[in-house]
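In what follows, a structure is listed as structure tokens, so that the remarks can point back to it.
Residue numbers (UniProt numbering), protein chains in the order written: chain A, 1 to 322; chain B, 1 to 322; chain C, 1 to 322; chain D, 1 to 322; chain E, 1 to 322; chain F, 1 to 322.
What follows is the structure, given as structure tokens:
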């Protein structure tokens with residue numbers, strides 16, 4: 001890819017006029033209240049991860065609708081005292097994977113919680129959590145249009161709620177210091193991070209990388225790549241549903257939800273990203289409601305900063321979590 | 001595409017050794033008995049199809065689990081007496097479409113029933129029937145791996161049962177002669193036709209075109225195109241589920257189910273078909289349990305005989321239905 | 001495809017400054033006079049179309065140069081009185097097809113005339129009419145550059161004239177009401193519709209969908225897809241013929257010819273169309289000389305509105321033809 | 001490309017059973033007699049080629065049907081005595097090009113005649129000769145299916161005859177030694193060379209490189225690349241013309257015509273050639289009727305031996321022409 | 001990809017007849033003796049890896065020609081006694097990466113040595129070691145043809161020697177138990193592992209995954225993907241160097257070198273691997289000189305078993321190293 | 001390709017603000033002085049080129065660092081007096097090729113010198129000159145990033161110096177008139193031509209076609225095609241080297257070096273060129289320091305004007321060299 005989107009100087013000022021639904025706050029406060037009517041009931045069962053320096057626990061907790069959500073909790077094998085925690089959401093198509101698969105933040109000394117994304121996990125990594133509550137309505141293959149004709153049926157209502165409850169779950173662990181919790185993730189994981197940042201008001205840090213699920217009107221007409229392309233293909237078929245679809249998506253747009261955030265954020269963006277184009281990331285960044293920084297990777301596609309950004313992010317997290 | 005599969009003389013003899021599950025008959029007799037415990041309760045509501053020579057009715061009937069399945073019934077506007085019927089199943093990703101969209105068999109003088117495929121219909125044509133009963137387990141995008149770890153949860157258990165009940169539904173219409181019912185369809189529609197032919201014993205004709213859902217072991221390792229490729233990609237991720245997946249698929253393989261068929265069949269196959277490769281079609285054809293013919297299109301891909309085959313099929317149907 | 005062309009608000013105002021050749025009127029009045037020097041001599045022979053609700057007639061008539069042009073005339077099997085007629089031109093590469101293949105407007109109650117496009121019909125549908133009069137000069141594969149160095153030798157001079165004569169031919173049928181004739185078509189068929197609308201002054205409706213053959217200077221430099229790309233590839237080779245080619249094309253550009261139209265029009269356009277990009281459609285629409293409406297399909301490529309637009313167009317035609 | 005065709009040891013023995021039409025000899029003797037009923041009437045007009053070491057003449061002569069065919073004759077600027085001649089036929093889509101464009105054999109000291117291929121020359125090089133005699137029947141874009149339903153109308157009947165007459169034309173030049181004439185060409189030029197070798201019995205050398213137009217039954221089903229793919233795509237559409245097309249092609253197949261050859265030949269073949277697959281080249285080579293050698297390029301695609309083979313061919317020609 | 005190579009039952013028996021160069025043993029004993037004439041002189045400098053559970057050391061040691069080679073040594077932060085070691089070689093195009101990037105075997109409790117591959121490390125991960133000793137001869141982009149006309153100049157002579165010396169280097173660390181050293185790697189890393197297994201006789205385990213650099217004659221003609229394709233493209237250009245290139249490659253072929261191995265091996269292979277096709281892996285496996293097992297991943301491409309195979313390999317290594 | 005870059009009217013004014021390194025003049029004067037410290041020592045050995053009208057000599061001379069550089073000198077076989085000379089540099093990936101391969105300017109009567117490009121010549125043509133002096137540092141495959149972290153190590157420092165010395169070498173031949181030397185080349189050859197024009201002040205003509213190596217900041221972010229894409233891919237990996245890389249490239253940018261040129265120039269550019277996009281060519285053209293013309297090919301990609309431009313360039317050269 002070349003730098004196909006706006007030039008960087010215009011990206012830094014790109015702040016699209018996206019209308020927040022009138023009942024956005026009520027929608028989400030009702031949604032979270034319903035979820036919290038179920039006890040989070042997190043359980044943590046030690047599993048063999050084949051490693052000696054990290055311990056891993058199989059987690060089950062009550063997400064949206066009280067549905068059982070799975071995850072991993074990784075802790076340094078040698079530890080003492082209550083640990084700050086990093087909650088990680090994974091990218092589109094993947095699941096929590098195998099126990100040893102994703103342990104960076106535990107290796108850096110944190111309690112590291114990886115949330116399984118309901119229904120996902122048959123792609124680049126595996127998952128174990130069904131999407132209970134899916135109605136089965138006709139949709140494009142994938143998750144982007146599952147229930148998209150109605151905000152209360154939309155897939156990401158369930159996922160974002162699971163994400164909020166993941167924070168509740170990790171805080172319920174006796175070795176975690178619940179006052180020092182950060183959320184992070186890349187792509188879809190970044191989009192969930194922004195949403196959770198807008199829905200939970202006492203996080204201490206938010207680190208979305210090349211986030212997905214932001215500025216849907218631009219994203220769905222600027223690129224045809226997946227996963228945004230699933231929406232465009234749905235509308236290619238359902239020519240009569242365009243307005244309804246965008247009405248739904250407005251409840252889940254990171255460039256809208258992120259305005260509600262209160263925790264400091266470190267974003268990253270890649271200027272050649274054809275999956276989550278940089279303008280959509282800057283839309284969320286420029287609208288983000290709290291202190292923020294952004295690291296720009298001019299020659300990267302959707303992989304973004306990868307290992308280079310791990311280092312930057314670990315240093316930034318250390319400043320907020322320690 | 002070139003003729004990438006076996007040469008024609010070997011295709012004509014290709015008869016893979018596919019093992020039928022021990023409880024195949026019980027599985028399907030139980031499944032159909034459960035479905036028929038619900039009254040088919042078909043309703044037919046006239047809709048405006050913008051045409052003058054064909055009348056269209058919006059159909060609702062009880063499919064698998066008693067779930068409401070939609071369809072269209074098209075009748076010639078000028079008609080008299082009870083009509084023979086053609087039940088059509090549609091290809092992967094499509095739905096019943098708009099009322100005027102698919103009316104060939106009505107234009108040829110038959111009662112023409114088009115079944116909506118549950119959950120599908122956000123692709124090349126639109127649908128209106130949700131896949132009630134889907135459990136939401138992690139799957140590859142698409143329908144091929146929905147519930148694939150368990151035959152009783154597998155998506156096509158529901159669809160094939162809906163297909164059998166569509167025959168029941170059309171027979172319940174007062175203007176249809178239930179003793180003269182044929183089933184047909186292309187690709188997935190052809191695969192459903194073969195399955196229904198194996199599950200309903202008093203059809204008078206079966207006409208599968210370039211059928212899908214046949215000889216899964218070869219199909220999933222010979223081509224990487226969709227939809228068979230969804231299974232391969234699921235197994236690429238879920239390396240530990242290979243045996244379970246093939247155990248499930250054996251209950252739904254047209255090269256196994258078709259052995260039970262009793263009605264005469266007209267198949268068609270295309271020798272350059274990269275979606276439903278010709279060996280998989282011949283696997284079903286060579287195993288088919290009743291009288292049969294096959295029309296070979298040497299230079300076609302998955303479109304098969306198209307309009308040319310319409311003519312051949314209409315003539316063949318006339319011999320069996322009139 | 002994404003929405004790669006101008007944004008919709010600019011498309012609505014896009015009105016390129018295209019120069020009409022000085023002798024455009026004389027060129028076309030001479031051309032049509034020459035053609036009409038031959039009797040249209042339309043013949044209509046009933047053929048077996050395998051359908052019961054529509055009758056089909058094999059048509060032969062005198063087109064450009066008096067050459068025999070083929071077509072189908074479809075009539076509702078049950079009919080009375082003189083019928084309004086819809087003349088349909090087909091898309092690039094196709095022909096009139098088989099007798100039962102394209103009967104929508106007859107199914108809706110009209111006399112439905114399908115013109116075979118000379119020389120075409122070896123692609124997605126078949127044809128039966130040679131391009132008598134082709135000189136055999138070096139050209140790019142396809143029809144776009146056949147005779148392109150001289151307006152009087154250019155392929156579309158023959159085709160547009162055939163299109164005008166198709167209207168004459170259908171009007172010669174005793175069951176057709178010649179005062180109620182509409183023309184329509186998609187892609188190339190839409191381009192011919194616009195041209196015929198500019199050359200015949202007593203049509204009652206014109207319905208071009210995603211029309212081709214409009215705003216050649218922009219089309220040939222904005223996209224490299226076929227068929228416009230044939231022109232670009234010809235000029236890639238014949239670097240010395242650029243001016244001559246554009247001089248010729250100006251006689252055949254829908255954004256120029258359509259200015260002469262007098263019948264009301266319903267256009268359709270797709271905002272992700274990489275074959276007939278939306279700016280070229282709006283060029284023709286904004287220049288169109290009579291009353292007009294346009295239906296915009298934001299998420300479609302060259303398929304445009306398909307079945308959805310069938311419904312819209314049938315309703316619009318009913319207002320003008322009935 | 002990999003080596004996708006048969007392994008080399010099997011290629012060396014591949015000799016397909018291709019049936020020669022009963023009237024093949026009569027067809028071609030009649031065709032050539034008709035052509036020779038016109039005086040070849042070659043004219044040679046000096047043109048400015050911008051070079052100092054080679055002189056170029058614009059040639060016109062009577063080809064099939066007496067149609068005017070163009071060519072270039074290149075002669076070394078410093079020469080004496082009558083020169084042996086090399087007649088070169090060009091590849092598919094190209095024409096004779098500009099005067100200075102293709103002069104290798106003149107630079108090596110021969111009279112070098114380049115035949116323009118009628119109708120072609122809007123692709124990688126330009127041409128100046130129309131295909132007079134084309135009937136305009138529906139065909140796939142390109143030349144492979146022009147008139148393909150009837151051997152006497154088929155495009156290559158005209159081209160091969162032009163090729164024979166090119167030999168007659170060069171022999172009519174006063175500075176050429178007509179007893180020392182070779183023919184050569186690459187791809188289509190190689191196919192024409194083989195055909196001319198089968199139709200002219202007093203050539204002294206034939207050098208076809210990666211020849212096209214050989215073993216049509218295998219070529220059209222083994223690869224889908226152009227130009228063989230034009231035939232497959234025509235038959236994809238015209239499903240009812242398969243036998244007629246192959247009946248026609250048998251009159252023009254290098255693996256049949258080459259059996260009649262009497263001059264020694266140097267073939268070249270590339271084992272990764274996806275355009276003219278090696279088995280089709282070996283089909284012609286193994287059937288070739290006179291002395292022969294073949295140079296194998298294991299890692300090349302359709303470019304074959306290029307400059308390396310120039311050297312080999314110039315040395316081989318020197319042995320036969322000097 | 002589909003399963004494009006031989007069927008599994010034939011793969012299990014595929015044992016190509018590859019000729020070992022007469023002087024293979026002398027070539028490698030001389031090469032290693034020359035290298036060992038330089039003191040290995042390994043240094044280990046602690047770096048900040050941003051992790052708390054693993055310590056990382058920047059390694060420099062003398063490789064081929066005494067050139068300075070870089071690497072990382074990762075040790076568990078909490079450790080005691082001398083540790084068994086795993087030496088890891090990385091895949092084509094990558095380098096040792098950042099300090100925290102590749103630490104699996106340290107996380108599992110081993111001394112984990114990652115060798116930087118000279119000249120590489122500007123692709124999917126970064127490197128820091130120049131390829132001192134490269135002569136600059138014309139080559140295809142990439143490393144496969146660097147010096148390929150002469151075994152003593154060939155790139156992999158330097159790399160394999162570096163790989164042997166990496167074992168020497170890790171053994172020189174005071175916390176490593178030199179009697180318990182395993183080598184492993186994926187793709188190129190697997191190929192180097194096999195070579196080192198053939199050149200070092202006291203390893204305790206060898207674990208090559210989807211290994212590269214095996215059975216060159218088949219690999220370079222069966223697939224055109226990179227990196228094997230670099231060789232084919234070189235020979236496409238240098239048509240006169242085919243024999244010389246294969247003569248060189250025979251000194252470096254894992255299916256030849258591996259015959260000399262004495263340590264038990266766990267291979268893995270993927271049946272849809274288009275980069276290192278399964279037959280080339282089985283060629284090395286079937287020729288491997290010591291005890292061996294192979295794990296087959298039927299639906300994977302070049303990623304192979306990934307995280308699933310990590311688990312299998314860690315368990316297998318534990319049996320040999322602990 | 002379409003015309004994807006700026007419209008022509010803006011291209012004609014595109015003059016990017018590129019900063020020349022402060023020490024640019026010193027860098028190059030030192031570099032050339034060092035090179036000229038070695039005697040050019042050109043030798044010319046007659047080789048057999050299989051041609052009769054042109055004689056070819058194998059050239060060896062001292063380039064950068066005194067390294068032996070190869071080339072061909074072609075002279076008309078019949079000649080008298082001292083000839084003006086054309087020095088040609090070849091495109092990326094190619095080498096000087098075989099002796100008969102590239103002789104146009106000799107055929108037009110000039111002394112024609114073809115410089116081999118060090119290290120290249122394993123692609124579309126072959127080469128014989130190693131890149132002595134390469135340090136082997138990690139780089140992307142290809143030549144664009146060889147030594148790119150330091151101007152004095154960068155590959156093109158060596159190549160441009162070789163190019164300057166090629167002029168010196170041809171001038172040392174007794175049959176060459178050293179006061180009448182032109183330089184030319186296409187793509188990389190055009191880029192070298194511009195650089196040499198900026199480094200040698202007594203050339204009489206410069207003819208760069210679709211030149212490469214101009215306006216790196218735009219080129220590397222506008223297109224992702226090779227060879228510019230090699231730089232982008234290097235920076236995708238080496239995220240920490242962006243500034244260093246651009247600092248280096250500024251010493252080698254044709255839009256900077258060309259400002260120093262004193263000889264008249266004929267540029268050519270293609271408006272659909274995805275390899276050397278037209279804006280980067282116009283950047284160099286608009287900055288070029290002496291008299292200049294540019295020929296625009298609106299419908300061409302990177303092939304540019306090809307044979308048509310040969311003619312234009314030969315005429316233009318004749319005006320300056322004769």
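Built from N, CA and C at the ideal position, the CB exists for glycine as well.
Fair warning: this is a prediction, and the values are worked out from it, not measured in the lab.
Worksheet item: Is the CB-CB distance between residue 138 of chain B and residue 95 of chain A below 8 Å?
Response: Counted from its first residue, the second chain places residue 138 of chain B at position 138. Counted from its first residue, the first chain places residue 95 of chain A at position 95. Yes, the Cβ-Cβ distance between residue 138 of chain B and residue 95 of chain A is below 8 Å.
Practice prompt. May I have a chain-ordered list of the alpha helix (DSSP H) segments no shorter than 4 residues that lie completely inside the region 85-156 of chain A?
Written response: Fully contained in the region 85-156 of chain A are the following alpha helix (DSSP H) runs of length 4 or more, in chain order: 104-107.
Discussion item. Can you tell me where the alpha helix (DSSP H) holding residue 29 of chain A begins and where it ends?
Written reply: Along the first chain, one-based indexing puts residue 29 of chain A at 29. Run containing residue 29 of chain A: 24-36, per the alpha helix (DSSP H) assignment.
Worksheet item: Which chain A residues sit within Cβ distance under 7 Å of residue 140 of chain B?
Response: As a position in the second chain, residue 140 of chain B is number 140, starting the count at 1. Chain-order list of chain A residues neighbouring residue 140 of chain B: 122, by C-beta distance under 7 Å.
Practice prompt. With distances taken Cα to Cα, identify the nearest neighbour of residue 156 of chain C among C:253, C:278, C:38, C:320.
Written response: Translated into the one-based positions of the third chain, residue 156 of chain C becomes position 156. Comparing Cα-Cα distances from residue 156 of chain C to each of C:253, C:278, C:38, C:320, the minimum goes to C:253.
Worksheet item: In chain order, what residues of the same chain have a beta carbon less than 7 Å from the beta carbon of residue 145 of chain C, not counting five sequence neighbours either side?
Response: Sequence index remark: in the third chain, residue 145 of chain C carries index 145 (1-based). Here the set comprises 139, 230, 231, 234.
Discussion item. Am I right that residue 270 of chain D and residue 288 of chain D are in contact with their C-beta atoms under 8 Å? What's the rounded C-beta distance?
Written reply: The residue you call residue 270 of chain D lines up with position 270 of the fourth chain. The residue you call residue 288 of chain D lines up with position 288 of the fourth chain. About 18 Å; that fails the 8 Å criterion.
Discussion item. On the CB-based measure, 16 or more other CB atoms within 10 Å of its CB, does residue 88 of chain F come out buried or exposed?
Written reply: Position 88 of the sixth chain, counting from 1, holds the residue named residue 88 of chain F. Around the Cβ of residue 88 of chain F, a 10 Å sphere holds 16 or more other Cβ atoms; the residue is buried.
Worksheet item: How big is the Cα-Cα spacing for residue 153 of chain F and residue 124 of chain A?
Response: By one-based count along the sixth chain, residue 153 of chain F stands at place 153. By one-based count along the first chain, residue 124 of chain A stands at place 124. Whole-angstrom Cα-Cα distance: 41 Å.
Worksheet item: Listing by chain order, which chain C residues have their CB less than 7 Å from the CB of residue 76 of chain B?
Response: Counted from its first residue, the second chain places residue 76 of chain B at position 76. Listed along chain C, the residues sitting closer than 7 Å to residue 76 of chain B by beta-carbon distance are 52, 53.
Worksheet item: Using a Cβ-Cβ distance under 8 Å, would residue 307 of chain D count as near chain F?
Response: Here residue 307 of chain D is taken as the residue at index 307 of the fourth chain, counted from 1. Yes, its Cβ sits closer than 8 Å to a Cβ of chain F.
Worksheet item: For the putative contact between residue 342 of chain A and residue 163 of chain A, defined by C-beta atoms under 8 Å, what is the C-beta separation to the nearest angstrom?
Response: Absent from the structure is residue 342 of chain A, since the part of chain A shown begins at 1 and ends at 322.
Fill in: Selected residue, minimal CA-CA separation from residue 11 of chain D, among D:221, D:240, D:283
For the purposes of this step, residue 11 of chain D is identified with residue 11 of the fourth chain, where counting begins at 1. Cα-wise, what sits closest to residue 11 of chain D is D:283.
Item to complete: With DSSP as the reference, please indicate the residues paired to residue 200 of chain C in a beta bridge.
Response: Numbered from 1 along the third chain, position 200 holds the residue referred to as residue 200 of chain C. Under DSSP, residue 200 of chain C takes part in no beta bridge, so it has no partner.
Worksheet item: Ordered along the chain, which non-local residues of its own chain (more than five positions away) have a Cβ less than 7 Å from that of residue 301 of chain F?
Response: Within the sixth chain, numbered from 1, the residue matching residue 301 of chain F stands at position 301. The residues 1, 270, 272, 273, 274, in chain order, have a CB closer than 7 Å to that of residue 301 of chain F in the same chain once the five nearest residues on each side in sequence are set aside.
Item to complete: With DSSP as the reference, please indicate the residues paired to residue 46 of chain C in a beta bridge.
Response: Taking the first residue of the third chain as position 1, residue 46 of chain C is located at position 46. DSSP, once it has assigned bridges, lists C:57 as partnering residue 46 of chain C.
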